[in-house]
Each structure stands twice: as structure tokens, then as C-alpha cells.
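Residue 167 in numbering that gives the first Met the number 0 sits at position 168 of the sequence shown, and the numbers go up by one each step.
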Amino acid sequence: MRGKWMAWLGLAVAAGCGAGKAPVVPAAVEAPVKVARCVLKFRDIRAGNTARARLERDLAQYMRDRPGRIVYGALDLVTGVRLGQGEHEHDMITASGAKVDILAALLAGRDSRLDEGERDLANRMIRESDNSAADVLWSRIGGGGAMSDFYRRIGLKETTPGPSKYWGGTSTSPADRIRLLKVLIKGGRGLTSGDRGMVLGLMERVQKDQAWGVSAAARPGDRVALKNGWTPRPFIANTWAVTSYGRVVGPGRDLLLSVQTDRQPGEGTGIQTIEGIARMIGHRLDGLSPTRTRPCPTNPIA
Numbered sequence: 000m001r002g003k004w005m006a007w008l009g010l011a012v013a014a015g016c017g018a019g020k021a022p023v024v025p026a027a028v029e030a031p032v033k034v035a036r037c038v039l040k041f042r043d044i045r046a047g048n049t050a051r052a053r054l055e056r057d058l059a060q061y062m063r064d065r066p067g068r069i070v071y072g073a074l075d076l077v078t079g080v081r082l083g084q085g086e087h088e089h090d091m092i093t094a095s096g097a098k099v100d101i102l103a104a105l106l107a108g109r110d111s112r113l114d115e116g117e118r119d120l121a122n123r124m125i126r127e128s129d130n131s132a133a134d135v136l137w138s139r140i141g142g143g144g145a146m147s148d149f150y151r152r153i154g155l156k157e158t159t160p161g162p163s164k165y166w167g168g169t170s171t172s173p174a175d176r177i178r179l180l181k182v183l184i185k186g187g188r189g190l191t192s193g194d195r196g197m198v199l200g201l202m203e204r205v206q207k208d209q210a211w212g213v214s215a216a217a218r219p220g221d222r223v224a225l226k227n228g229w230t231p232r233p234f235i236a237n238t239w240a241v242t243s244y245g246r247v248v249g250p251g252r253d254l255l256l257s258v259q260t261d262r263q264p265g266e267g268t269g270i271q272t273i274e275g276i277a278r279m280i281g282h283r284l285d286g287l288s289p290t291r292t293r294p295c296p297t298n299p300i301a
């Protein structure tokens, strides 16, 4: 009996202890939730038109103050912005700018099958602007007649090959240079992705001393693929033709730009003119398609 009584006493004590207040456990404090701010972004057409008018005015003034003939064309594939003055004038000598045409025509006509020697010639022709390499490849594609067929096939209506063996006498327009770049970027017209990668890759790796021209439109970090041309014009008042065209691509832009000059007093003057135009366009391009933001409606209609 004594053992049983002690057991009951233990249960009673335990029950009494359990009847007290349970210890308070503090609730976990949750971090405040960050709510993303809802904003709408839209194109500011009015500001873009104002910026465009100012840029075109400044470009026209710059060109009036420079010697010789100057024409240019520009297209940004990201925003669709177009600029140009005299971009369809097609009697401008492109000189070594035609070397890209020669390589593209060769690749299209050979179904991309170039032998090792031809690949070496292509490398020298584009990266070093080697004239002897261009002579050989111009002959292998069939000269001016074959080039005329190629131009028709890819839609270059404002480009005429140089006479006979004189590929440097090819005349073209800024608009056609941009059309050629679009074919190299977007494809079609008998050029495979490998062909286009080869041509643009060589244009991205031209020798440092030939990387002038439309490259002045580039921001730090932008990629540039270009080809320049320059030639004396002894029968036209002993002047020069200097040209540059190419692609400048980076965050928010994919700019195709061609600037052609003629009747320049010297090669250096032509280069300065081209770079002045390219720099102005490159530095002010973003302002031609500005955007604005505003908060989302608080009570949207269902």
C-alpha cells in the first residue's frame, strides 16, 4: 500500500506541474518583402525626332565645312534608325572596299569550297588589303562579268564592277554597302553561315594600321568589322577617294555605317572626314531612340 500511495503522489505532483503556464516561445520575425516597382517603358518619339533633327543638321554643317564630295548612310538594326545624305549616289569609287565583294562572290560561286591557297589569299586580301591577292581572286571568279551577276543575285542595284581587271574601279553607294553588310549578317543569297562568319571574321581582324574609319563610331567594348578603301585620282585634279564601311555592334546597337568621300586633297583628309561623321553618329545614336518610364496604373481595368 505504501508503494502504491507513493506512485499516486508522484502522478499528482506531475499533474500539478503541468497545470502551470507553458513557456512563451517568441515568434520568428520575417524580413520585409521587397515588392518590385511596376513601371511601363515606352519610346519617346518626340524627343527622338528632335535629337535626329539636331544630328542631321550638325552632320550637314560638318560636311559643308569639309572638302570634296562626301556621302554616307547608316542603319541601326536594333532600333531601325536610318540616317543618310547622298546615300544613293552610286558613282563613288570604293577602291579596296570591293575586296569584300570579291571574297563573298568567290564563296558563293564555290559552295564554300576554298582550297588552302585561296584561304590564304582571302586572309591577305581582307586583313592586309593585299592588292596582288585581290588580282588573283578577281580573275578566279571571272572578273567584272561574274561580279555583275553576283551583284544582281544579292540585290545590289547601285554597284558596278570595275572595268576589265581593275576591281579597284568598282563604284557603289553607301546604301549598297549597307545592303551587302545585311546579307553578310542575316544570310541568304547563296552564302552559308560559315561563309558569312569567315568574311565578317576577317573584317573584324584587319591590321591595326587599317582599322581607321567607321570604327570611330564604336564605344569601349563594341565589336567592329570593317573594310576601307583609298586610292589617288591623278586624273581628277590629283585628288583622293577614301571610303570606309562596316558594322559596329554592342549592347543596344547593331550599327551598319558607310561613308564615302571623293576629290579629297589627301588620304589623311578623307580619313579625318570619315571619322568625324562616324564619331558624331556613334556618340549620339542612343539619343535617337530614347525611352521614358511611368508607373503602372494602380487600378487597372479588368
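No residue lacks a Cβ here, since even glycine has one placed at the ideal position from N, Cα and C.
Being a predicted model, the structure only gives us computed values, none of them experimental.
Could you check which residue in A217, G189, G187 and L180 has the C-alpha nearest to that of L199?
-> L180
Going by alpha carbons, who is nearest to W166 out of L155, A132, D208 and A174?
-> A132
Any idea what DSSP makes of P173, helix, strand or coil?
-> helix
Exposure label - H282; buried when at least 16 CB within 10 Å = exposed
Inside the segment 133–177 only - alpha helix (DSSP H) runs reaching at least 4 residues = 142–153
Looking only at C-alpha atoms, which of L39, D261, A145 and V247 sits nearest to P162?
-> A145
According to DSSP, is S257 helix, strand or coil?
-> strand
State buried or exposed for N48, treating a residue as buried only when at least 16 other CB atoms are found within 10 Å of its CB.
-> exposed
Assuming H89 contacts T171 under a Cβ cut-off of 8 Å, what Cβ separation, rounded to an integer in Å, is found between them?
-> 6 Å
Which ranges does the alpha helix (DSSP H) cover as unbroken runs of at least 4 residues, wholly within the segment 186–251, from first to last along the chain?
-> 192–203
State buried or exposed for T260, treating a residue as buried only when at least 16 other CB atoms are found within 10 Å of its CB.
-> buried
Give me the Cα-Cα distance between I153 and Q60, rounded to the nearest whole angstrom.
-> 35 Å
In this structure, what does DSSP give as the bridge partners for L39?
-> R293
For R112, which of helix, strand or coil comes out of DSSP?
-> coil
Element boundaries [alpha helix (DSSP H), containing G269] | E266 to R283
Chain-order list of residues whose beta-carbon lies under 7 Å from that of A13 (same chain, five-residue window excluded) = Its pLDDT being 44, under 50, A13 is placed unreliably by the model, and the measurement read from it follows with that caveat. Here the set comprises nothing.
Should I92 go down as buried or exposed, given a rule of 16 or more other Cβ atoms within 10 Å for buried?
-> buried
Whose C-beta lies closer than 7 Å to the C-beta of V70 among residues of the same chain, with five residues either side of it excluded?
-> Q84, G85, E86, E88, M91, P173 and Q259
So what's R65 in DSSP terms, helix, strand or just coil?
-> coil
From what residue to what residue does the beta strand (DSSP E) around G83 run?
-> R81 to Q84
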